[in-house]
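Undergrad: Below you'll find the structure I mean.
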Amino acid sequence: MIENLKKNYSLILAGLAVLFLVLYPQLGARSYMLHLFILFFTWAVVAAYWNLLIGYVGIYSLGNIAFLAIGGYTSGILSKIYGLSPFITIIIGGFVASMLVTVFLGLPALRLRGIYIALLTLIFADMLPSLLTQTRDITGGGMGLHGIPGFVPGMMKVHAYYFCLAFFVIAMIVIYRVINSNTGLAFVALRDSEDFASTLGVSRYRERLKVFAISSFMTGIAGGFYVHSLGDISPTTLSIEPFLLGLAMIELGGVGTFFGPIIGAAAIVFGNEFLRLAGNLRLTLLGALICVIILFYPGGLMQFISQAGNFISRITIKRS
Amino acid sequence: MESFANALVSGLISGSLYAAMALGLTIIYGISRVFNFGHGVIALMGAYIAWLVNQNAVSAGLPLLLGMFVTVVVMFCFGIFIYRFAIGPLMKKPNWDISTVLFMLGLGIMLENIVLQLFGPRIKSIPVFLSGNLRLWVIQINWHEIIVIIIVILAILFLNLFFKKTRTGQAMQAVAQSVPGAKVVGIDIEKIFGLTFGLAFAVTGFSGILLSTKFFMNPHIGWSWMVTGFVIVCFGGLGSTSGTIYAALILGVVEALTTLYLGASWVWPIWFIIFLIILLVRPQGLLGGRN
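Residue numbers (our numbering), protein chains in the order written: chain B, 31 to 350; chain D, 775 to 1065.
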């Protein structure tokens, strides 16, 4: 009963949040705030699908920013140089990211466990910047790729906002369906007890390939939306700061929860702007934040919210 | 021929430096099964402490050796501190493998930026032991590099002796083989893990000094040292000390030859391919122990 109530509450809250996001630009929002929201949409998708790997399947991937970069670069190059429509190139970017990741990470990861996967994915992401400098003619090298066309000719921030919002909602529905399907159950079963799951007929190989394919495809598409909204991408996307931001989002929000990465992404994207006041100390504070959460509050914000929710429901039940 | 021979020698030299650096990683993983993702910045802190001592104690004579000594002591205490207050409590919780990884990553980035705040982004260098070159037939070696290699070999011999002959070292090996077994014979696991972290941080800080005398140092270089170390320990087999040393020498030579024939920017892609092949063909590494 209480479970059901909670589910309904969170559905209503999610609906209200989406309604607010749809109406927000009409309330006379400034272009800067729209920019932040666009960042939030793409980051929330990246964090959510990263969390799918880490939190639901227990694959310690540290290379998800590379998926974003591959999708973003592919889409940016195709639309800028060959003049294809961004809506086609974004999908192609997703497929390219998915294919590369499945071949270079997914297949080796079938034979590997725990820390080896973390190393493999980290080194994969770390190798990309030097590949980008090698292919300077197409990718722009260290300077990055500039002047990437928008979704529609003469695009304004509001348009980009709505495209990214639509993508965000779709991506969240997809991940919700995946988590609550048989596949999601298989993921969690593999995470909790691999031997037991295998005896029940869950194929470790198939599920692992599946999760790599899904996660990299959606993250690659998020990369496409990112570049077409902002207009440029450079190897700094693969530097330490975005990587740290992504991890901080998952940790702060709550590992292995559906709403965690979204809340974490909101807190980090908007909080990061305030942290700009701290100047160079920003990364120090982010690193410290990750350490403190892991040491003292491993459930993140979601744990806080559920504790608060339990507290409230206990009070109301007592009164009735 | 001449350039090939020189590349080979310089590859072996940087390989032995990498070996010294990767040893700290192997020691921690081999004994406590924690993978240190803050490894690079630990090495970096060592280098900066030595630099600081060096700046302030030039007149004291043998400043570099003094800096090394101070570094080793400070990093040893730091390692015990980190284990006692962070890693130790984390290891008692579920999912400790990923939480220690993320904790060390966060800590590493925090420390890296503190170093950046304290010392600034400019490149710093530690003076060499001896200047001048030694010429053997067609091969040219710095006297400094010869001394560095001797130091590395001495350090490895010393570590070997420590693990084989002392009670603490033997206890560490016992813990590496089996934690329950070590508990049964009455080894204090907490103490051994703490000492392991101290020892590994000290070795890592020490190797940071050697690396920064050969190359250069700025607050961000630790990251690339660390990823280099990751490839090496995987190549050699996680937790295998001798595997790490062979792997470091092989990869050092590969790096030098790649730089000679293809250019420096190809080093990383080629290392990644080697890494991938190793993981696919022989995931336990060259001399991999148990997994």
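Don't be surprised by glycine CBs; every beta carbon is placed ideally from N, CA and C. In this text the structure is predicted, and so the values were computed from the model without any measurement.
What do you reckon, are the CB atoms on Ile759 of chain D and Cys1008 of chain D nearer than 9 Å?
TA: Coverage of chain D is limited to positions 775 through 1065, which leaves residue 759 of chain D absent and any answer about it impossible.
Undergrad: Please state if the CB of Tyr256 of chain B and the CB of Thr72 of chain B are separated by a distance shorter than 9 Å.
TA: To locate residue 72 of chain B, count along the first sequence from 1; it is residue 42. To locate residue 256 of chain B, count along the first sequence from 1; it is residue 226. Yes, they are a contact pair.
Undergrad: Alpha carbon to alpha carbon, how far is Ser873 of chain D from Ile802 of chain D? Give it in angstroms, no decimals.
TA: Position 28 of the second sequence, counted from the start, is the residue given in the question as residue 802 of chain D. Position 99 of the second sequence, counted from the start, is the residue given in the question as residue 873 of chain D. If I take the Cα positions, the gap works out to 16 Å.
Undergrad: I want to see whether chain D comes within less than 9 Å of Ser160 of chain B, judged by CB atoms only; does it?
TA: Residue numbering aside, residue 160 of chain B sits at position 130 when the first sequence is read from its first letter. Cβ-Cβ to chain D under 9 Å: yes for Ser160 of chain B.
Undergrad: Tell me which residues of the segment 144-170 of chain B have at least one Cβ-Cβ distance to chain E shorter than 8 Å, keeping chain order.
TA: The structure shown contains no chain E; its protein chains are B and D.
Undergrad: Quick check on the burial criterion: 16 or more other C-beta atoms within 10 angstroms. Buried or exposed for Asn828 of chain D?
TA: Position 54 of the second sequence, counted from the first residue, corresponds to residue 828 of chain D. The residue is buried, with at least 16 neighbouring Cβ atoms inside 10 Å.
Undergrad: Since I believe Cys321 of chain B is in contact with Met884 of chain D (beta carbons under 8 Å), could you give me their beta-carbon distance rounded to a whole number of angstroms?
TA: Walking along the second sequence from the start, residue 884 of chain D turns up at place 110. Walking along the first sequence from the start, residue 321 of chain B turns up at place 291. Contact holds; Cβ gap of about 7 Å.
Undergrad: Distance, Cα to Cα, Tyr857 of chain D vs Gly880 of chain D?
TA: Mapped onto the second sequence, residue 857 of chain D falls at position 83. Mapped onto the second sequence, residue 880 of chain D falls at position 106. Their Cα atoms are separated by approximately 15 Å.
Undergrad: Say the cut is 8 Å; is the CB of Met202 of chain B nearer than that to a heavy atom of the ligand ADP?
TA: What this structure holds is no ligand at all, so the ligand ADP is not there to describe.
Undergrad: Express the C-alpha separation of Ser61 of chain B and Ala190 of chain B in angstroms, rounding to a whole number.
TA: Reading the first sequence from its first residue, position 160 is the one you call residue 190 of chain B. Reading the first sequence from its first residue, position 31 is the one you call residue 61 of chain B. Computed Cα separation, rounded: 11 Å.
Undergrad: Give the straight-line distance between the Cα atoms of Pro1057 of chain D and Trp1045 of chain D, rounded to the nearest whole angstrom.
TA: For the purposes of this step, residue 1057 of chain D is taken as residue 283 along the second sequence, with counting starting at 1. For the purposes of this step, residue 1045 of chain D is taken as residue 271 along the second sequence, with counting starting at 1. Taking the straight line joining both Cα atoms gives about 15 Å.
Undergrad: Within its chain, find whatever has a CB closer than 6 Å to the CB of Leu892 of chain D; leave out the 5 residues flanking it on each side and keep chain order.
TA: For the purposes of this step, residue 892 of chain D is identified with residue 118 of the second sequence, where counting begins at 1. Within the same chain, Leu892 of chain D has no close Cβ partners at all.
Undergrad: Any idea if Met186 of chain B is buried or exposed, counting beta-carbon neighbours within 10 angstroms, 16 or more meaning buried?
TA: Along the first sequence, read from residue 1 onward, the residue named residue 186 of chain B stands at position 156. Classification of Met186 of chain B: exposed, given that the 10 Å Cβ count is below 16.
Undergrad: Residues of chain B with a CB under 8 Å from the CB of Cys1008 of chain D: which are they?
TA: In the second sequence, counting from the first residue as 1, residue 1008 of chain D sits at position 234. Within chain B, the residues near Cys1008 of chain D are Tyr146 and Leu149.
Undergrad: Chain B beta carbons: is any one of them nearer than 9 Å to that of Glu886 of chain D?
TA: What you label residue 886 of chain D is simply residue 112 of the second sequence in a count that begins at 1. For Glu886 of chain D, the answer is yes, since a Cβ of chain B falls inside 9 Å of its Cβ.
Undergrad: Can you tell me where the beta strand (DSSP E) holding Gln914 of chain D begins and where it ends?
TA: The residue given as residue 914 of chain D occupies position 140 in the second sequence. It spans Ile913 to Asn916 - the beta strand (DSSP E) in which Gln914 of chain D sits, taken as one unbroken run.
Undergrad: Is the Cβ of Asp962 of chain D closer than 9 Å to any Cβ of chain B?
TA: In the second sequence, counting from the first residue as 1, residue 962 of chain D sits at position 188. It does not; no Cβ of chain B falls within 9 Å.
Undergrad: Note down, in chain order, every chain D residue with its Cβ under 9 Å from the Cβ of Leu305 of chain B.
TA: The residue you call residue 305 of chain B lines up with position 275 of the first sequence. By Cβ distance, chain D contributes nothing, its closest Cβ being about 12 Å from Leu305 of chain B, past 9 Å.
Undergrad: Can you grab the Cα-Cα spacing for the pair Leu782 of chain D / Val1027 of chain D, in whole Å?
TA: For the purposes of this step, residue 782 of chain D is taken as the residue at position 8 of the second sequence. For the purposes of this step, residue 1027 of chain D is taken as the residue at position 253 of the second sequence. For Leu782 of chain D and Val1027 of chain D, the distance between alpha carbons rounds to 6 Å.
Undergrad: How about Ile95 of chain B and Gly254 of chain B: do their beta carbons lie closer than 9 Å?
TA: To locate residue 95 of chain B, count along the first sequence from 1; it is residue 65. To locate residue 254 of chain B, count along the first sequence from 1; it is residue 224. Contact flag unset, no.
Undergrad: Does the Cβ-Cβ distance between Ala779 of chain D and Ile913 of chain D come in under 9 Å?
TA: Within the second sequence, residue 779 of chain D is the residue found at index 5, counting from 1. Within the second sequence, residue 913 of chain D is the residue found at index 139, counting from 1. In contact: Ala779 of chain D and Ile913 of chain D (Cβ atoms closer than 9 Å).
Undergrad: Beta-carbon within less than 7 Å of Val182 of chain B's beta-carbon, same chain only, minus the 5 sequence neighbours each way: which residues are those?
TA: Working through the first sequence from its first residue, we reach residue 182 of chain B at position 152. Here the set comprises His189.
Undergrad: Listing by chain order, which chain B residues have their CB less than 9 Å from the CB of Val1005 of chain D?
TA: The residue you call residue 1005 of chain D lines up with position 231 of the second sequence. What Val1005 of chain D touches in chain B: Leu149 and Ile153.
Undergrad: For a minimum of 4 consecutive residues, which ranges assigned as the alpha helix (DSSP H) are wholly contained in the segment 211-291 of chain B?
TA: Qualifying alpha helix (DSSP H) stretches, in chain order: 212-222, 224-229, 234-260 and 270-283.
Undergrad: Have a look at Gly882 of chain D and Asp962 of chain D and give me their C-alpha separation to the nearest angstrom.
TA: To locate residue 882 of chain D, count along the second sequence from 1; it is residue 108. To locate residue 962 of chain D, count along the second sequence from 1; it is residue 188. Each residue's alpha carbon lies about 28 Å from the other.
Undergrad: Among residues of its own chain, excluding the 5 on either side of Pro272 of chain B, which ones have a beta-carbon nearer than 7 Å to its beta-carbon?
TA: The count along the first sequence starts at 1 and reaches residue 272 of chain B at position 242. Ile95, listed in sequence order.
Undergrad: If I measure Cβ to Cβ from Glu1029 of chain D and keep anything under 7 Å in the same chain, skipping five residues before and after, which residues do I get?
TA: On the second sequence, position 255 is the one that residue 1029 of chain D refers to. These residues qualify, in order along the chain: Gly785, Ser788 and Val1041.
Undergrad: Are the segment 49-67 of chain B and the segment 191-198 of chain B touching by the rule of at least three beta carbon pairs closer than 8 Å?
TA: Yes, they touch.
Undergrad: I'd like to check one pair, His994 of chain D with Pro895 of chain D: are the Cβ atoms closer than 9 Å?
TA: For the purposes of this step, residue 895 of chain D is identified with residue 121 of the second sequence, where counting begins at 1. For the purposes of this step, residue 994 of chain D is identified with residue 220 of the second sequence, where counting begins at 1. Against a cut-off of 9 Å, the Cβ pair of His994 of chain D and Pro895 of chain D comes out as a contact.
Undergrad: Does the beta carbon of Ala817 of chain D sit closer than 9 Å to a beta carbon anywhere in chain B?
TA: Position 43 of the second sequence, counting from 1, holds the residue named residue 817 of chain D. Closer than 9 Å: no.
Undergrad: Answer with buried or exposed for Tyr146 of chain B, where buried requires no fewer than 16 other C-beta atoms within 10 angstroms of its C-beta.
TA: As a position in the first sequence, residue 146 of chain B is number 116, starting the count at 1. By the 10 Å Cβ count, Tyr146 of chain B comes out buried.
Undergrad: Considering Cα atoms alone, identify which of D:Val959, D:Val889 and D:Val875 is closest to Ala817 of chain D.
TA: Numbered from 1 along the second sequence, position 43 holds the residue referred to as residue 817 of chain D. Checking every option, the nearest Cα to that of Ala817 of chain D belongs to D:Val889.
Undergrad: By a C-beta neighbour count over all protein chains shown, 10 Å radius and 16 as the cutoff for buried, is His176 of chain B buried or exposed?
TA: The count along the first sequence starts at 1 and reaches residue 176 of chain B at position 146. Exposed is the call here.
Undergrad: Give the residues from the segment 114-129 of chain B that approach chain D closer than 9 Å (Cβ to any Cβ), ordered along the chain.
TA: Here the close residues number zero.
Undergrad: Which same chain residues, not among the five before or five after Val48 of chain B, have their C-beta less than 7 Å away from its C-beta?
TA: Taking the first sequence and counting its residues from 1, one reaches residue 48 of chain B at position 18. Cβ within range, chain order: Val199.
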